[in-house]
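Just below is one structure, and these are the notes that go with it.
Number of protein chains: 2
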Amino acid sequence: MRQVAERAGVSVKTVSRVVNGEPSVAPATLRRVLSAAAALDFQPDPHAGNLRRSDRRTRTLGLLISSVDNPFAGAIHRAVEDAAIGRGFAVFASSLDDDPEREEEAVAAFTRRRVDGLILTTSAQEQSYLEPEVRRGTPVVFVDRRPTGIACDAVVSDNAEGAAAATRHLLAHGHRRLAYLGDRPAIQTAGERRRGFLEALGQAGVPVGDAVIVEDLHDETVARKALLRLLDGPEPPTAVFSAQNLITIGALRALRERGRHRDTALIGFDDVALADLMDPGVTVMAQHPDDIGRIAAERVFARLDGDDSPAQRITVDTTLIERGSGEIPAPSNT
Amino acid sequence: MRQVAERAGVSVKTVSRVVNGEPSVAPATLRRVLSAAAALDFQPDPHAGNLRRSDRRTRTLGLLISSVDNPFAGAIHRAVEDAAIGRGFAVFASSLDDDPEREEEAVAAFTRRRVDGLILTTSAQEQSYLEPEVRRGTPVVFVDRRPTGIACDAVVSDNAEGAAAATRHLLAHGHRRLAYLGDRPAIQTAGERRRGFLEALGQAGVPVGDAVIVEDLHDETVARKALLRLLDGPEPPTAVFSAQNLITIGALRALRERGRHRDTALIGFDDVALADLMDPGVTVMAQHPDDIGRIAAERVFARLDGDDSPAQRITVDTTLIERGSGEIPAPSNT
DNA sequence: GCCGCATTTGACAACGATGTCACGATTCGA
DNA sequence: TCGAATCGTGACATCGTTGTCAAATGCGGC
Chain A
1 MRQVAERAGV
11 SVKTVSRVVN
21 GEPSVAPATL
31 RRVLSAAAAL
41 DFQPDPHAGN
51 LRRSDRRTRT
61 LGLLISSVDN
71 PFAGAIHRAV
81 EDAAIGRGFA
91 VFASSLDDDP
101 EREEEAVAAF
111 TRRRVDGLIL
121 TTSAQEQSYL
131 EPEVRRGTPV
141 VFVDRRPTGI
151 ACDAVVSDNA
161 EGAAAATRHL
171 LAHGHRRLAY
181 LGDRPAIQTA
191 GERRRGFLEA
201 LGQAGVPVGD
211 AVIVEDLHDE
221 TVARKALLRL
231 LDGPEPPTAV
241 FSAQNLITIG
251 ALRALRERGR
261 HRDTALIGFD
271 DVALADLMDP
281 GVTVMAQHPD
291 DIGRIAAERV
301 FARLDGDDSP
311 AQRITVDTTL
321 IERGSGEIPA
331 PSNT
Chain B
1 MRQVAERAGV
11 SVKTVSRVVN
21 GEPSVAPATL
31 RRVLSAAAAL
41 DFQPDPHAGN
51 LRRSDRRTRT
61 LGLLISSVDN
71 PFAGAIHRAV
81 EDAAIGRGFA
91 VFASSLDDDP
101 EREEEAVAAF
111 TRRRVDGLIL
121 TTSAQEQSYL
131 EPEVRRGTPV
141 VFVDRRPTGI
151 ACDAVVSDNA
161 EGAAAATRHL
171 LAHGHRRLAY
181 LGDRPAIQTA
191 GERRRGFLEA
201 LGQAGVPVGD
211 AVIVEDLHDE
221 TVARKALLRL
231 LDGPEPPTAV
241 FSAQNLITIG
251 ALRALRERGR
261 HRDTALIGFD
271 DVALADLMDP
281 GVTVMAQHPD
291 DIGRIAAERV
301 FARLDGDDSP
311 AQRITVDTTL
321 IERGSGEIPA
331 PSNT
């Protein structure tokens, strides 16, 4: 900046004025400064500016998700990015792999860089470690999972109701021997989905004993094996509710291996790529990660704009997408 | 920092020493400073430090890809992130949607933020706009597409050879009436894949006239319609080479709609999610985005560590994954 | 011709940190 | 016992920018 000032024969302050588009600069000076800046391809350092400036904003958001290499998280990321760009914000993303330790590290890495806001899918049991940062005034918005031990905005799917609706759908097609394949129950969303499943059974008057509940399935392989075991058992389920993405894929593999994919109903929670090209198409209870991301970004910006209302919890509905596998009727000979 | 210094009864410089782990600090002082820092939950501002520090590094990388919501780009992103974390770097990501204007804006947004390195999938015709940044010493590494008009490292798939190998695979299964479904030929990778396709035909002595080439297919719907037209035509192809992800999906849809998915061979360039669960499984020439991302990150860090050898072009091989659709033989009655 | 006012400009301190250097207090060897 | 080397510490300038305030300039009105 000093070089620009010298080249244009003005003071650094005047250059600063030009760069920031302040009004009281004579047209002739303006031109001189601009051409000098162009000649040196000068780019102002926003960090140095922020140091002195009053608002002290970095125009940067931190996004913490399961993994950037994951369709659900990717959709959230994209929605956040779209909202951020319009405001001149850049987005830092970090993958957590559902590892609470990694979560704290990643948050620290971002707060050190002075992000203006944080959007995160937490996997920690509780998030009081964020307390200092929140007190400092950084807006924090949780996506997909609600916070514990700290009052922050959260944008989540309606997991319980979505799971219940999926279950009712299976019941409506005559199924009684349902299998629920779920993730680790400690994961908040997993717990809620199981609750929805059980509530739907209860409301329909189906004894819980008729259903099989298998949990702790955190990847595709484990899910596949679990369902294979059920299919090979004495009373295989006539319908399967897979409560998560990877579990759905594992279930698909298992059904196919046993050639049961045309007579066993399946509904997955969360949409799966190319589900419509399978045979039969895979019925899912789809979430709306793009809406979740968009709304989360809106909350962050609202907070940055001074909204200091109490922490909100925003629920995004899920949508049943019928593609065939969920509409397979129960065998009539039961 | 001044507050910490006062609380501990030392000078700011001593606090700085503690924070940076410099050796010459008395244990007693160290403790006092640490406890004062903890009490105020002090976090040093890295930007202020960089202002004064000699190396002037922000420990930040900029990644510019087609979209964060895209499996190929997501895998690259993840690989870059994994490499970055180990070095204490954070990653800014930005989606370009193959829009050259957006590309320049996004690059500017990152260079203003003083990223230490850039990794990008360019969609501009040429990248001389990066010249000033490169001169400033920022390492730039291209992924997936080679640069034009500027000398920078590039990590790309072997598009021509991959396409040729895929084509040879189809020819080896007896096909002669091949269809090539490609993206806009202006896109570098698309051009190379077409070249590979044609070369393979030539080497096999198959007259080019036997093949149908349809291009400008930049999304799923257009690709689907294009293939439907071919299938409904007088001499439908017996094998299809779809030169890109979305085109493969469009092709799958078209084949399925006409019930030709069991007798028309298909090989896609670039892997597709759940391709193995289709019926038949989708044979693809898979790229290795994780390798591409990892190598690109390694190049950036090597440059940052002082490697000033000439710009390299690194080619990552593609891998044929046979899943069924590519092994469908040509009808024998031909 | 003088005064007041608006316009344009620059000097200076400050933001939060670190590099340099110098100072006083120890420790050590001769 | 003394000088030299070592250790721990702080004063100060500095990084690149902006906020504050005052100075210089030009203009119109009396």
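Line order of the protein sequences matches chains A and B. Okay, so the first sequence: first residue is 1 according to full-length UniProt numbering, each after it adds one. Okay, so the second sequence: first residue is 1 according to full-length UniProt numbering, each after it adds one. Glycine included, C-beta positions come from ideal geometry on N, C-alpha and C. Note that the structure is predicted; figures quoted are calculated from it, not measured.
**OP:** Leaving out five residues on either side along the sequence, give the residues of the same chain with a beta carbon under 6 Å from the beta carbon of G174 of chain A.
**Re:** P329 and A330
Original post:
With a CB to CB cut of under 6 Å and the five nearest residues on each side skipped, what residues in its chain are close to E199 of chain B?
Top reply: Excluding positions up to five away in sequence, the list reads A164.
Original post:
Smallest Cα separation from L64 of chain B: which of B:T318, B:I267, B:S123 and B:R299?
Top reply: B:S123
Original post:
Given that a residue counts as buried once 16 or more other Cβ atoms are within 10 Å of its Cβ, and exposed if not, what is A28 of chain B?
Top reply: When all chains shown are included, A28 of chain B counts as exposed.
Original post:
Do V15 of chain B and V33 of chain B have their CB atoms nearer than 8 Å?
Top reply: yes
**OP:** Would you kindly work out how many angstroms separate the C-alpha atoms of A166 of chain A and L96 of chain A, rounded to a whole number?
**Re:** 29 Å
Subject >> Distance CB(D183 of chain B)-CB(L217 of chain B) smaller than 8 Å >> reply: It is a contact, given that the beta carbons lie within the stated cut-off.
Original post:
Beta-carbon of V15 of chain A versus every beta-carbon of chain B: anything under 8 Å?
Top reply: no
**OP:** Can you tell me the Cβ-Cβ gap for G162 of chain A and F269 of chain A, rounded? I've got them flagged as a contact below 8 Å.
**Re:** 7 Å
Original post:
In the structure shown, what three-state DSSP assignment does I267 of chain B receive?
Top reply: Strand, per DSSP.
**OP:** Please work out which residues of its chain come closer than 8 Å, Cβ to Cβ, to A154 of chain B, disregarding the five sequence neighbours upstream and downstream, and give them in chain order.
**Re:** V141, F142, V143, R145, R146, P147, A311, Q312, R313 and I314
Original post:
Nearest chain A C-beta to E298 of chain B closer than 8 Å, yes or no?
Top reply: no
Original post:
Nearest chain A C-beta to D45 of chain B closer than 8 Å, yes or no?
Top reply: Look at D45 of chain B: its C-beta is under 8 Å from a C-beta on chain A.
Subject >> Three-state secondary structure assigned by DSSP to F92 of chain B >> reply: strand
**OP:** Taking C-beta pairs closer than 9 Å, name the residues in chain A that L51 of chain B reaches, listed in chain order.
**Re:** D45, H47, A48 and L51
Original post:
Quick one, which residues of the region 243-256 of chain A are near chain B if we go by CB-CB under 8 Å, in chain order?
Top reply: Those residues of the region 243-256 of chain A that come within reach of chain B (Cβ to Cβ, closer than 8 Å) are I249, L252, R253 and R256.
**OP:** Compare the Cα-Cα distances from S332 of chain B to each of B:S67, B:A48, B:A186 and B:T238 and report the closest residue.
**Re:** The shortest Cα separation from S332 of chain B among B:S67, B:A48, B:A186 and B:T238 belongs to B:T238.
Subject >> Pairwise C-alpha distance: F72 of chain A and L246 of chain A >> reply: 11 Å
**OP:** Identify whether G306 of chain A lies in helix, strand or coil by the three-state DSSP scheme.
**Re:** coil
Original post:
From the beta carbon of H158 of chain B, is the nearest beta carbon of chain A less than 8 Å away?
Top reply: Sequence inspection shows Asp at residue 158 of chain B; the His mentioned does not correspond to that position. No, its Cβ sits nowhere closer than 8 Å to a Cβ of chain A.
**OP:** Check F241 of chain A in the structure and name its three-state DSSP category.
**Re:** strand
Original post:
Given E215 of chain B, which residues of its chain have a CB within under 6 Å of its CB, disregarding the five upstream and five downstream residues?
Top reply: G182 and P185
**OP:** Put V141 of chain B into one of helix, strand or coil per three-state DSSP.
**Re:** strand
Original post:
Are there 16 or more other CB atoms within 10 angstroms of the CB of L230 of chain B, so buried, or fewer, so exposed?
Top reply: buried
Original post:
What is the C-beta distance between P139 of chain B and V300 of chain B, in whole angstroms, given that I count them as a contact (C-beta under 8 Å)?
Top reply: 5 Å
Original post:
Between G202 of chain B and G326 of chain B, what straight-line distance do the alpha-carbon atoms span, to the nearest angstrom?
Top reply: For G202 of chain B and G326 of chain B, the distance between alpha carbons rounds to 20 Å.
**OP:** Can you say whether V115 of chain A is buried or exposed, counting buried as having 16 or more other CB atoms within 10 angstroms of its CB?
**Re:** buried
**OP:** Kindly indicate which residue of A:S94, A:R323, A:R87 and A:V80 has the alpha-carbon position closest to the one of G86 of chain B.
**Re:** A:S94
Subject >> Segment contact, 8 Å Cβ cut-off, at least three pairs: the region 270-280 of chain A with the region 258-278 of chain B >> reply: yes
Original post:
So is H77 of chain A in contact with chain B if we call contact Cβ pairs under 8 Å?
Top reply: yes
Original post:
DSSP state of R146 of chain A, grouped into three classes?
Top reply: In the three-state reduction of the DSSP assignment, R146 of chain A falls in the coil class.
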